[in-house]
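Which chain is which? The protein sequence lines are B and X, in order.
When we follow my numbering, the leftmost residue of the first sequence carries the number 2, and every step to the right adds one.
When we follow my numbering, the leftmost residue of the second sequence carries the number 170, and every step to the right adds one.
Quick reminder that beta carbons are idealized off the backbone N, C-alpha and C, glycines included.
Computed from a predicted model, the values in this text were never measured in an experiment.
The structure appears below as structure tokens.
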Amino acid sequence: GDSVTQMEGPVTLSEEAFLTINCTYTATGYPSLFWYVQYPGEGLQLLLKATKADDKGSNKGFEATYRKETTSFHLEKGSVQVSDSAVYFCALSEMNRDDKIIFGKGTRLHILP
Amino acid sequence: DTAVSQTPKYLVTQMGNDKSIKCEQNLGHDTMYWYKQDSKKFLKIMFSYNNKELIINETVPNRFSPKSPDKAHLNLHINSLELGDSAVYFCASSQTRQGANEKLFFGSGTQLSVL
Chain B
2 GDSVTQMEGP VTLSEEAFLT INCTYTATGY PSLFWYVQYP GEGLQLLLKA
52 TKADDKGSNK GFEATYRKET TSFHLEKGSV QVSDSAVYFC ALSEMNRDDK
102 IIFGKGTRLH ILP
Chain X
170 DTAVSQTPKY LVTQMGNDKS IKCEQNLGHD TMYWYKQDSK KFLKIMFSYN
220 NKELIINETV PNRFSPKSPD KAHLNLHINS LELGDSAVYF CASSQTRQGA
270 NEKLFFGSGT QLSVL
């Protein structure tokens, strides 16, 4: 079945460091890919998405590119801030296959001032 | 106004009790979901309703019963609570039942602790 694998956390970085959170997926068709973010004590919020190969999703300085050849959707940010501390979830959904969005296990990011 | 609201925020109860969690969305969405997040932050879908009709029912014990009185509400009733039910339960909604290209809107979660 479809699945999402993302790097284990926690990831601890200093402010202004470069961030990469790896995400790879397994799907039988052509999924849409998402990154959601969960701030402490809150529900998940959509951060960015990409719906086809080579699309780049971006929001709040974060970017991720849909790489079909490597089945990856890595999240990057050039300069992280303390306020980026949260749990990040990679997810996929396949159109016309079923109605589920499948989430990865989440990666906790902790940014030190 | 909160888009997806769930109550209570915290629920502490004894094993064997029956409890309910309520969820309401004011976005006019057709589809609502219940997700369970365990202590390691793993998020797994439990149920999904579209216009009051059950469309996703994952492998969840029969003790869990969702109820959707109208498309703006999806409640979760849990019978005979067990220690392993302790988790954070998230309600979510989306415009339609099409998962792809859809943005999910999440509530802030209900922290359930079974003692």
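Item to check | Bridge partner(s) assigned by DSSP for X/S189 | outcome: On the second sequence, position 20 is the one that residue 189 of chain X refers to. For X/S189, which the question treats as bridged, DSSP gives the partners X/H246.
Checklist entry - How many angstroms separate the CA atom of B/L49 from the CA atom of B/E17? => result In the first sequence, residue 49 of chain B corresponds to position 48, counting from 1. In the first sequence, residue 17 of chain B corresponds to position 16, counting from 1. Taking the straight line joining both Cα atoms gives about 21 Å.
Item to check | Spatially closest choice to B/E70 from B/Y26, B/L110 and B/E95, by CA coordinates | outcome: Stepping through the first sequence from its first residue, residue 70 of chain B is reached at position 69. The candidate whose alpha carbon is nearest that of B/E70 is B/Y26.
Item to check | Closer than 8 Å at the beta carbon, the chain X residues around B/L47 | outcome: To locate residue 47 of chain B, count along the first sequence from 1; it is residue 46. Neighbours of B/L47 on chain X, chain order: K272 and L273.
Checklist entry - Helix or strand or just coil, what does DSSP make of B/V1? => result Absent from the model: residue 1 of chain B. The displayed extent of chain B is 2 to 114, so no value can be given.
Checklist entry - For X/K191, which residues in chain B fall below 8 Å Cβ to Cβ? => result What you label residue 191 of chain X is simply residue 22 of the second sequence in a count that begins at 1. Simply none; closest approach about 15 Å.
Checklist entry - Is the beta carbon of X/F259 sitting closer than 7 Å to the one on X/Y204? => result For the purposes of this step, residue 259 of chain X is identified with residue 90 of the second sequence, where counting begins at 1. For the purposes of this step, residue 204 of chain X is identified with residue 35 of the second sequence, where counting begins at 1. Cβ distance < 7 Å, so X/F259 and X/Y204 count as in contact.
Item to check | Three CB pairs or more closer than 8 Å across the stretch 57-70 of chain B and the stretch 3-11 of chain B | outcome: no
Next on the checklist: Can you tell me where the beta strand (DSSP E) holding X/S234 begins and where it ends?
Outcome noted: Counting from one through the second sequence, the residue named residue 234 of chain X turns up at place 65. F233 to D239 is the span of the beta strand (DSSP E), which, as asked, contains X/S234.
Next on the checklist: What does the Cβ neighbour count give for B/S94, buried or exposed, with the cut at 16 atoms within 10 Å?
Outcome noted: By one-based count along the first sequence, residue 94 of chain B stands at place 93. So B/S94 counts as buried.
Checklist entry - Buried or exposed: which applies to X/G197, given that a residue is buried once 16 or more other Cβ atoms fall within 10 Å of its Cβ? => result Taking the first residue of the second sequence as 1, we reach residue 197 of chain X at position 28. Its Cβ having fewer than 16 others within 10 Å, X/G197 is exposed.
Next on the checklist: What are the residues in the stretch 197-213 of chain X lying within 9 Å of chain B by C-beta distance?
Outcome noted: T200, Y202, Y204, Q206, K209, K210, F211, L212 and K213
Next on the checklist: Measuring alpha carbon to alpha carbon, tell me which residue in X/A241, X/L180 and X/R232 is nearest X/N195.
Outcome noted: Start at 1 with the first residue of the second sequence, and residue 195 of chain X comes out as number 26. Ranking the options by Cα distance to X/N195, first place goes to X/A241.
Checklist entry - How long is the line joining the alpha carbons of B/V83 and B/S15, rounded to whole angstroms? => result As a working mapping, residue 83 of chain B is identified with position 82 in the first sequence. As a working mapping, residue 15 of chain B is identified with position 14 in the first sequence. Using only the alpha carbons, I get a separation of about 8 Å.
Checklist entry - Along the stretch 220-234 of chain X, what residues have a CB closer than 8 Å to any CB found in chain B? => result I224 and I225
Checklist entry - Is the shortest distance between the beta-carbon of B/K106 and the beta-carbons of chain X less than 7 Å? => result Numbered from 1 along the first sequence, position 105 holds the residue referred to as residue 106 of chain B. Yes, because at least one Cβ of chain X sits closer than 7 Å to the Cβ of B/K106.
Checklist entry - Would B/H111 pass as a contact of B/S86 if the rule is Cβ separation under 7 Å? => result Mapped onto the first sequence, residue 111 of chain B falls at position 110. Mapped onto the first sequence, residue 86 of chain B falls at position 85. Contact: yes.
Item to check | 9 Å Cβ cut-off: residues of chain B touching X/G276 | outcome: Along the second sequence, read from residue 1 onward, the residue named residue 276 of chain X stands at position 107. Correct list: G44.
Item to check | Inter-residue CB distance, X/I214 and X/F233 (contact presumed, cutoff 8 Å) | outcome: Position 45 of the second sequence, counted from the first residue, corresponds to residue 214 of chain X. Position 64 of the second sequence, counted from the first residue, corresponds to residue 233 of chain X. About 12 Å separates the two Cβ atoms, so there is no contact after all.
Next on the checklist: Looking at chain X, is there any beta carbon in it that lies within less than 7 Å of the beta carbon of B/K61?
Outcome noted: Here residue 61 of chain B refers to the residue found at position 60 when the first sequence is read from its first residue. No, B/K61 does not count as interfacial toward chain X.
Next on the checklist: What does the Cβ neighbour count give for B/F63, buried or exposed, with the cut at 16 atoms within 10 Å?
Outcome noted: As a first step, residue 63 of chain B is located in the first sequence; it is residue number 62 there, counting from the start. Classification for B/F63: buried.
Next on the checklist: Since X/V173 and X/F274 should fall inside the 8 Å C-beta cutoff, what is the C-beta to C-beta distance between them, to a whole number of angstroms?
Outcome noted: Within the second sequence, numbered from 1, the residue matching residue 173 of chain X stands at position 4. Within the second sequence, numbered from 1, the residue matching residue 274 of chain X stands at position 105. Their Cβ separation, rounded to whole angstroms, is 5 Å, which keeps X/V173 and X/F274 in contact under 8 Å.
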